[in-house]
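Everything below concerns the one structure shown next.
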Amino acid sequence: MAVNTNAKSNKQAGRYEGGRQPAALVDYHVHSQFSPDGRSTIDEYCERAVALGLSEICFTDHFDFEPRGGHWYGFLDYERYTEAISRAEARWRGTLAVRKGVELDFQSHYGNQVRDFLAGKEFDFVLGSIHWVDSLSVDSELYDGRSMEEAYGRYFEEAYGAAKTGLYDVIAHLDYIKRYASQVYGEFDFSQFHDQIEAILKVMVENGTGLEINTSGLRGELGETLPGPGIVRLYRELGGELVTVGSDAHCAEHLGSGITEALALLRAVGFDYVAVFHERKPRLLKIEALQRGICARM
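Counting in my numbering, the sequence shown runs from 531 upward without gaps.
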């Protein structure tokens with residue numbers, strides 16, 4: 531498969547695997563009842579996926595390492611989760627590809643906790659995300675007594691740290707902070723933090739870490755993906771090739787939501803492929819083929 535082979539993206543290109551291109555939607559960010567905030571079962575999601583014509587779904591239930599998170603802390607039962615995914619894989623084989631992923635939060639003071647958690651466990655896909663900064667929740671506490679520059683600055687410092695580890699296949703909703711910070715400081719201006727974000731993206735490209743286009747922002751007041759178009763475009767300009775799309779659904783009704791818009795955004799800024807994963811190895815699907823499949827079902 532022909533991909534960009536410039537020096538910055540050789541590691542990413544080397545991880546790609548070929549394969550047939552299913553002309554159907556995929557959703558690579560889904561939370562079931564194995565997450566503390568998930569409201570639908572794995573079977574309910576799979577039934578919904580088949581009804582929508584999805585070809586592949588990846589569950590990415592949360593595992594959080596922050597003790598202040600209350601019942602979120604260590605909520606995921608890996609053994610039960612693995613058993614449930616295995617049953618779903620067997621039930622839907624030949625109709626729907628079901629993948630086992632995980633969303634792991636990151637803070638620099640976790641040390642080796644993320645690495646230790648992953649050791650000896652089998653996942654198809656590992657998402658990295660920032661939900662806490664200095665043990666303060668990004669959805670509220672981070673902004674108390676902090677300027678916009680301080681809050682965003684610390685958040686992006688932690689995002690840089692997550693990317694630097696190389697432990698994650700993809701970084702989820704890179705500018706997630708804007709969902710909450712914009713309510714405190716006003717609309718997020720990517721250009722004000724361009725240098726920090728560029729540094730994160732450069733490390734991602736160097737490490738072969740992908741960028742998620744998270745569509746949850748399209749369902750709310752933000753009205754745009756996470757990250758927004760400017761960051762997606764910059765990632766591409768820096769040589770980024772590995773991208774995934776995910777609805778961040780916490781209930782079956784939101785499964786697949788906004789994926790068509792995310793694919794259109796990716797094509798508009800120069801991407802030809804979107805990635806899916808099996809056993810931590812990416813495989814590229816041609817966006818044009820996915821879009822043709824969507825149109826054929828309309």
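Glycine included, each C-beta is placed from N, C-alpha and C at the ideal position.
As the structure is a prediction and not an experimental result, all values here were calculated from the model.
{"Asked": "Alpha-carbon spacing of Y611 relative to Y558, whole angstroms", "Found": "17 Å"}
{"Asked": "Three-pair Cβ contact test at 8 Å for the stretch 620 to 630 versus the stretch 691 to 708", "Found": "no"}
{"Asked": "Option in H639, Y715, I707, R621 with minimal Cα separation from G675", "Found": "Y715"}
{"Asked": "Under the three-state DSSP convention, the category E742 falls into", "Found": "strand"}
{"Asked": "Member of R813, G788, E687 whose CA lies at the smallest distance from the CA of Q821", "Found": "G788"}
{"Asked": "Segment contact flag, the stretch 575 to 585 with the stretch 601 to 615, C-beta cutoff 8 Å, min 3 pairs", "Found": "no"}
{"Asked": "Terminal residues of the alpha helix (DSSP H) in which Y829 lies", "Found": "The chain is shown from 531 up to 828; residue 829 falls before or after that span and cannot be answered."}
{"Asked": "Continuous alpha helix (DSSP H) assignments of at least 4 residues falling wholly in the stretch 629 to 658", "Found": "643 to 648"}
{"Asked": "Environment of D567 [buried if 16+ CB atoms lie within 10 Å]", "Found": "exposed"}
{"Asked": "Per DSSP, the bridge partner or partners of E771", "Found": "None, per the DSSP bridge assignment."}
{"Asked": "Burial state of S665 (16 or more Cβ within 10 Å)", "Found": "exposed"}
{"Asked": "Length of the line joining the Cα atoms of F593 and E818", "Found": "34 Å"}
{"Asked": "Buried or exposed (CB count within 10 angstroms, at least 16 for buried), A794", "Found": "exposed"}
{"Asked": "Alpha carbon of F718 to alpha carbon of G658, nearest angstrom", "Found": "22 Å"}
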